[in-house]
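**Q** Okay, handing you the structure first.
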Amino acid sequence: MTLAAPDEQLHAVPAGAEHWQENLFFICWSPAIETGLLCHVQRVPDLGVQAVQVAVAVGGAFASATIEAPFDARALIPELTFEVVRPFHEWRLRLDAKGTAGRGPLGFFGVRDGGDVPFGFDVTLESALPVVDFAAGLADIVAGMRGNSSFPQMGDQQHYEQGGTWAGRLSVGTRDAEARGLFVRDHSWGARHEQRGFKAFWTASCLDEGRVFCNAIGIPTGGRALGIGAVATPDGVTFTSHVAAYFGPAPGIGAYNRTSVSYGPPLNQVLSATTGVHVPITLPHSGPRRYDNNAISTVRMGTATGFGVMEWAAVLSDAEAGALEGQLEPSR
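In the working numbering, the protein residues as written are 3 to 334.
What follows is the structure, encoded as structure tokens:
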């Protein structure tokens, strides 16, 4: 598929599509001042619902919420506005909401208990980088998993990503900040039902003041990773199917403080990441007990430095699920 400007908008629901949903993900951060936002949108027409998990930090102080609303084919939840100013180059993202301060059980953000802490943002994102279309590479991963029924499983999706710079105002309670930094984002639509002990890594990063974006995505299986990686610069995008990631001392919820990501031929690059803060969220609409642990990190690849999200995606254990009772099943 060739991406075009209409793909930046919300997508029509195809007739008869099972487990179809649309996801948007934005992470904008300024690690030096511990300020930023993580906003994940899931639009699930089968259930008639859309859910936004959002966490905002100002000077290290967090507020977060999970906000659900009826599915609307033409709009997001009322509290969140996403405007495409120039397709694939400029966007505006705004939130005006109430949530809870700090972390929930096991350090998770976006608990469902509501809250009365006002928080939000009004930021502009810009990118001079080409969009990275991961659809073909992810299709190869899905085919590889289907070839072995013992592997974790996921569905076919269209999926693209970008990095760049952002600037704007964020607020948490009585704290306000004008900030700027780097961002990564993705937009996907298609079948999503991740199951059978699902585990994956996602390592989107933006470096060199927004002039480099990279991501290695992989599913650990049988001692290796089925994956796809890409590095984007203003000159173009280069892909590799040879990727690996090490999370030290171990992957898990808030468990790792360093990550090493390898991009094989023809890229032959290694990205090193140091965790600044963990922002884990549950994703009940992606599969049973699904969570993403997002480690907001400072990163280096060669001489370029920047920020990245070293995400470990997995399924909660029985004990973890018990600690998060009430947070794991879709509310509708």
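Yeah, the Cβ is synthetic: ideal placement off N, Cα and C, and Gly gets one too.
Considering glycine 112, what are the terminal residues of the beta strand (DSSP E) in which it resides?
**A** Note, glycine 112: premise wrong, no beta strand (DSSP E); not H, not E.
**Q** How about leucine 127 and leucine 95: are their beta carbons less than 8 angstroms apart?
**A** Against a cut-off of 8 angstroms, the Cβ pair of leucine 95 and leucine 127 comes out as a contact.
**Q** Threshold first: 3 residues or longer. Then list the beta strand (DSSP E) segments lying entirely within the stretch 17-69, N to C.
**A** Counting only runs of 3 or more, we get 22-32, 37-46 and 51-60.
**Q** Quick check on glycine 212: does DSSP put it in helix, strand or coil?
**A** Of the three classes helix, strand and coil, the one that applies to glycine 212 here is helix, per DSSP.
**Q** Is alanine 323 helix, strand or coil when you go by DSSP?
**A** Alanine 323: helix per DSSP, three-state reduction.
**Q** Could you compute how far the alpha carbon of glycine 170 sits from the alpha carbon of glutamate 163?
**A** Distance between the alpha carbons of glycine 170 and glutamate 163 is about 21 angstroms.
**Q** Just mark arginine 88 as buried or exposed, buried being the case when its beta carbon has 16 or more other beta carbons within 10 Å.
**A** Label assigned to arginine 88: exposed.
**Q** Does the separation of the CB atoms of alanine 315 and lysine 201 fall below 8 angstroms?
**A** The answer is yes: Cβ separation under 8 angstroms.
**Q** Buried or exposed for glutamine 44, going by 16 or more other Cβ atoms inside 10 Å?
**A** So glutamine 44 counts as buried.
**Q** I'd like the span of the beta strand (DSSP E) that includes proline 290, first residue to last.
**A** Neither: proline 290 is in no beta strand (DSSP E) and is coded neither H nor E.
**Q** Return the residue from the list Gly106, Val239, Leu172 and Pro107 that minimises the CA-CA distance to arginine 182.
**A** Considering only alpha carbons, the answer is Leu172.
**Q** Using a Cβ-Cβ cut-off of 7 angstroms (strictly less than) and excluding sequence neighbours within five positions of leucine 209, which residues of its own chain qualify?
**A** So the qualifying residues of the chain are Val301, Met303, Ala306, Thr307 and Gly308.
**Q** In whole angstroms, what separates the C-alpha of arginine 213 from that of leucine 97?
**A** So the alpha carbons of these two residues sit roughly 27 angstroms apart.
**Q** Ends of the beta strand (DSSP E) at histidine 189?
**A** From DSSP, the beta strand (DSSP E) with histidine 189 extends over 177-193.
**Q** Where do the N-terminal and C-terminal ends of the beta strand (DSSP E) with leucine 97 fall, by residue?
**A** Segment 92-103, the beta strand (DSSP E) holding leucine 97.
**Q** Nearest to valine 279 by alpha carbon, out of Val317, Gly18, Phe27 and Ile35?
**A** Valine 279 has its Cα closest to that of Ile35, out of Val317, Gly18, Phe27 and Ile35.
**Q** Cβ of valine 347 within 8 angstroms of Cβ of alanine 206?
**A** No information on residue 347 is available, as it lies outside the stretch 3 to 334 that the chain covers here.
**Q** Identify the continuous beta strand (DSSP E) that holds histidine 280 and give its terminal residues.
**A** Run containing histidine 280: 271-284, per the beta strand (DSSP E) assignment.
**Q** Between Glu24, Gly224 and Ala7, which lies nearest to leucine 78 when the distance is taken from Cα to Cα?
**A** If we check each option's Cα against that of leucine 78, Glu24 comes out closest.
**Q** Serine 274 to glycine 106, Cα distance in whole Å?
**A** Whole-angstrom Cα-Cα distance: 29 angstroms.
**Q** Hey, how far is the Cα of aspartate 118 from the Cα of glutamine 160?
**A** Cα-Cα distance, rounded: 37 angstroms.
**Q** Whose CA, out of Gly289, Val263, Ala71 and Val186, lies closest to the CA of cysteine 41?
**A** Here the closest residue by C-alpha is Val186.
**Q** DSSP three-state call for leucine 78: helix, strand or coil?
**A** Note: leucine 78 maps to coil in three-state DSSP.
**Q** With a threshold of 7 angstroms, establish whether the CB of glycine 116 neighbours any heavy atom of the ligand NAD.
**A** As far as ligands go, the structure on display features none, and thus does not contain the ligand NAD.
**Q** Nearest-angstrom Cα distance between phenylalanine 249 and arginine 194?
**A** Rounded to the nearest angstrom, the two C-alpha atoms are 25 angstroms apart.
**Q** Grab me the residues of serine 152's own chain with a C-beta within less than 7 angstroms of its C-beta, minus the 5 sequence neighbours each way, in chain order.
**A** Caution is warranted here: a pLDDT of 48 is assigned to serine 152, below 50, making its placement in the model unreliable, and no coordinate value can be reported.
**Q** Using the DSSP secondary-structure output, state which residues sit across from leucine 172 in a beta bridge.
**A** BP columns for leucine 172 point to Phe123 and Ala179.
**Q** Beta carbon of valine 54, beta carbon of alanine 65: below 8 angstroms?
**A** No; because the gap between Cβ atoms is not below 8 angstroms, this pair is not in contact.
**Q** Just curious, the beta strand (DSSP E) that leucine 228 is in, first and last residue?
**A** That run of the beta strand (DSSP E) goes 226-235.
**Q** According to DSSP, simplified to helix, strand and coil, what is aspartate 9?
**A** In the structure shown, aspartate 9 sits in a helix (DSSP, three-state: H, G or I).
**Q** Short check: CB of alanine 252 to CB of threonine 37, under 8 angstroms?
**A** No. Outside cutoff.
**Q** For proline 282, is the classification buried or exposed, using 16 other Cβ atoms within 10 angstroms of its Cβ as the cut-off for buried?
**A** Flag for proline 282 reads buried.
**Q** Are threonine 68 and glycine 18 close, meaning C-beta to C-beta below 8 angstroms?
**A** No; because the gap between Cβ atoms is not below 8 angstroms, this pair is not in contact.
**Q** Excluding sequence positions up to five away, which residues of its chain have a Cβ less than 7 angstroms from the Cβ of glycine 104?
**A** Correct list, in chain order: Phe64.
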